[in-house]
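In the working numbering, the protein residues as written are 6 to 545. Cβ atoms here follow ideal geometry from the backbone N, Cα and C, with glycine treated the same way. Worksheet for the structure shown next.
Structure, rendered in structure tokens:
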């Protein structure tokens with residue numbers, strides 16, 4: 006809709022044959038510009054092949070807007086170019102087309118003069134004359150025809166886009182679809198798509214709301230501002246019951262048409278309680294955001310005070326559904342709001358039955374959904390599983406011991422030389438110490454607590470009936486002959502202050518294998534899933 010921080014929200018996809026967007030399930034890989042992007046579909050009901058092609062788009066390089074930082078809902082638009090400075094609002098200005106390409110005036114020929122004066126379009130006559138100038142993209146890729154219509158009165162200008170598939174788009178026909186300087190109506194910065202019609206007479210009609218002071222504290226730095234320039238997409242109506250070959254806006258600024266479908270962009274006027282289905286007609290004034298901001302790239306202030314809170318899909322089949330306006334789907338948007346910067350953090354799609362109540366899973370066969378994906382703010386990333394497993398500090402200590410902490414702990418317990426620096430780093434990283442230079446007493450106490458946690462974690466595991474376990478040793482060295490003799494003496498009982506890792510059924514490759522016979526009621530435990538190395542049959 007707007008060009009925010011240098012990024013055009015109009016895209017070429019919006020003027021190709023219509024399609025319903027498909028949502029991206031993850032951030033796309035960065036392209037040559039290094040920006041990440043994602044697309045969220047809107048709850049748009051399919052029509053006879055001509056439905057609005059709208060979606061929520063995220064770009065990591067995008068600016069702020071009505072959907073929070075980085076997010077936009079692009080509608081077709083034509084704008085004055087600002088990359089070379091503030092527009093002068095005269096013939097020296099350049100225009101940007103719907104695809105962001107610079108527009109150039111088509112050359113005039115004897116057979117096709119440019120510009121021309123028109124009093125009518127087809128069979129529709131106008132009460133005044135218009136000067137019509139043809140434009141085309143500087144780099145041709147879409148092969149559409151663009152016409153800039155300028156009337157006799159100030160601010161009476163609009164664009165016609167003749168697409169290659171026969172669809173006609175009308176941009177900025179009324180002041181409601183033009184972004185203009187409130188102090189100079191002829192200074193139009195952007196023309197927003199207002200109506201589209203196919204050769205078969207199917208129409209799409211776009212409605213916009215102008216910014217105002219509702220629910221805004223008009224004191225302090227908000228005093229004295231003219232905030233009426235901004236335009237917000239409000240409704241998209243389509244599925245006209247009776248086909249019409251001509252644009253409705255040729256003859257009426259507010260067409261009285263029986264529409265079958267309406268997509269509503271709600272800015273808080275209808276309530277955002279997920280348990281209460283919102284009404285078709287706005288019940289309250291729209292809400293004010295906590296981080297209002299302004300744009301000045303067109304030479305006048307464009308003040309934004311609103312956030313789109315939800316997108317609603319209504320059907321209008323009174324005879325079939327028993328009511329004039331039936332809510333069928335709802336995209337509820339949740340934000341991490343603060344006075345500095347607002348981020349979209351969750352989007353939930355809700356479906357509704359014909360009686361207005363939310364649709365429940367059939368026969369309750371589906372499990373409850375996980376919490377909505379969080380995309381910003383202080384929230385964590387979505388979990389890969391629905392269940393959240395919390396581990397005690399004792400189990401965490403036991404797992405770390407089985408991974409790499411056993412050497413330091415066993416040497417410490419046996420009174421052998423141990424890497425003191427590594428021991429301190431272990432205690433510090435696991436929150437048993439608060440400083441890397443503890444006193445001897447602090448270190449001793451921390452080690453005692455850490456070892457007790459390992460022991461408690463081990464004793465919390467299920468008991469096992471394994472009575473014979475195995476330990477592989479590499480003792481066949483001359484310097485270890487006494488140790489080998491001690492450990493392999495039949496019936497010898499070895500007392501060790503440290504933890505001993507054994508296995509109930511593991512094959513060993515060491516040159517010495519000990520069969521260890523345990524007494525009934527022993528305190529050994531199989532680590533199972535607690536072990537750092539999954540699948541390893543380890544018993545302590």
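- Message: Need the endpoints of the beta strand (DSSP E) that residue 322 sits in, please.
- Response: Element bounds for residue 322: n/a, residue is neither H nor E.
- Message: On the CB-based measure, 16 or more other CB atoms within 10 Å of its CB, does residue 440 come out buried or exposed?
- Response: So residue 440 counts as exposed.
- Task: Classify residue 424 as buried or exposed, calling it buried when 16 or more other Cβ atoms lie within 10 Å of its own Cβ.
- Result: With fewer than 16 other Cβ atoms within 10 Å, it is exposed.
- Message: Would residue 192 and residue 272 be called neighbours here (beta carbons separated by less than 8 Å)?
- Response: no
- Task: Would you check if the distance between the CB atom of residue 234 and the CB atom of residue 307 is smaller than 8 Å?
- Result: yes
- Is it right to say residue 597 is buried, meaning 16 or more other beta carbons lie within 10 angstroms of its own, or is it exposed? Because the chain here runs from 6 to 545, residue 597 falls outside it and cannot be looked at.
- Own chain partners of residue 244 with C-beta closer than 7 Å, once the 5 adjacent residues on each side are dropped: 52, 264, 265 and 266
- May I ask which residues mark the beginning and end of the alpha helix (DSSP H) holding residue 458? Segment 445-464, the alpha helix (DSSP H) holding residue 458.
- Terminal residues of the beta strand (DSSP E) in which residue 240 lies: For residue 240, the enclosing beta strand (DSSP E) covers residues 236-245.
- Message: According to DSSP, simplified to helix, strand and coil, what is residue 392?
- Response: Confidence is the limiting factor: at residue 392 the pLDDT is only 48, short of 50, which leaves the residue's position unreliable and the question unanswerable from this model.
- For residue 331: DSSP bridge partner residues: 320
- Query: Would DSSP call residue 126 helix, strand or coil?
  - Reply: The answer is strand: DSSP assigns residue 126 an E or B state.
- For residue 172, does the three-state DSSP call read helix, strand or coil? coil
- Query: Does DSSP put residue 427 in a helix, in a strand, or in coil?
  - Reply: helix
- Message: Between 124, 129 and 147, which has its C-alpha nearest residue 136's C-alpha?
- Response: 124
- Query: Which residues does DSSP pair with residue 339 in a beta bridge?
  - Reply: Residue 339 pairs with 351.
- How many Å lie between residue 467 and residue 397 at the Cα? 16 Å
- Task: Determine the extent of the beta strand (DSSP E) in which residue 82 is found, giving its start and end residues.
- Result: Run containing residue 82: 82-85, per the beta strand (DSSP E) assignment.
- Message: Within 8 Å of any Cβ in chain D, is that where the Cβ of residue 109 sits?
- Response: Absence of chain D from the displayed structure is noted, only one protein chain being present.
- Span of the beta strand (DSSP E) holding residue 209? 208-215
- Query: Does the separation of the CB atoms of residue 181 and residue 213 fall below 8 Å?
  - Reply: yes
- Simplified DSSP assignment, three categories, for residue 255: helix
- Message: With H, G and I counted as helix, E and B as strand and the rest as coil, what does DSSP make of residue 221?
- Response: coil
- Task: Go to residue 49, then tell me how far its beta strand (DSSP E) extends in each direction, as first and last residue.
- Result: From DSSP, residue 49 is part of no beta strand (DSSP E); its letter is neither H nor E.
- Item | When 173, 295, 284 and 275 are compared against residue 250, the one with the closest alpha-carbon | 173
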